[in-house]
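S.K.: I'd like to ask you about the structure that follows.
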Amino acid sequence: MYFVPTIVAFRRKDRQRTAIFILNLFLGWTLIGWVGALVWAYIRSSAAPLSSAPSA
82 MYFVPTIVAF
92 RRKDRQRTAI
102 FILNLFLGWT
112 LIGWVGALVW
122 AYIRSSAAPL
132 SSAPSA
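Residue numbers in the sequence shown follow this note's numbering, run continuously in steps of one, and reach 137 at the last position.
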């Protein structure tokens, strides 16, 4: 139960799964840290960075 956010991140192949694991490992014992890691694991990171240059 403790590592559910980490498992979710790895199954979703999140780009920041290592950071989510570290947050879960060190702050997962607090309710805020655990919920934060879980929310972070479910948030979809963008595949490509946004560009400020207009496309032609």
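A virtual CB, placed ideally from N, CA and C, is assigned to each residue, including glycine.
Could you check the C-alpha separation between residue 97 and residue 109 for me, to the nearest Å?
M.R.: Counting from one through the sequence shown, the residue named residue 97 turns up at place 16. Counting from one through the sequence shown, the residue named residue 109 turns up at place 28. For residue 97 and residue 109, the distance between alpha carbons rounds to 16 Å.
S.K.: Buried or exposed, going by whether 16 or more other CB atoms sit within 10 Å of the CB of residue 102?
M.R.: Taking the first residue of the sequence shown as position 1, residue 102 is located at position 21. It is buried - the Cβ of residue 102 has at least 16 other Cβ atoms within 10 Å.
S.K.: Sorted by chain position, which residues of the same chain lie with C-beta nearer than 7 Å to residue 91's C-beta, five sequence neighbours on each side aside?
M.R.: For the purposes of this step, residue 91 is identified with residue 10 of the sequence shown, where counting begins at 1. The residues are 98.
S.K.: Specify the secondary structure class of residue 84 as computed by DSSP and reduced to three states.
M.R.: In the sequence shown, residue 84 corresponds to position 3, counting from 1. Correct three-state label for residue 84: coil.
S.K.: Measuring CA to CA, which of 82, 124, 87 is closest to residue 105?
M.R.: Here the question's residue 105 lines up with position 24 in the sequence shown. That would be 87, whose Cα lies nearest to the Cα of residue 105.
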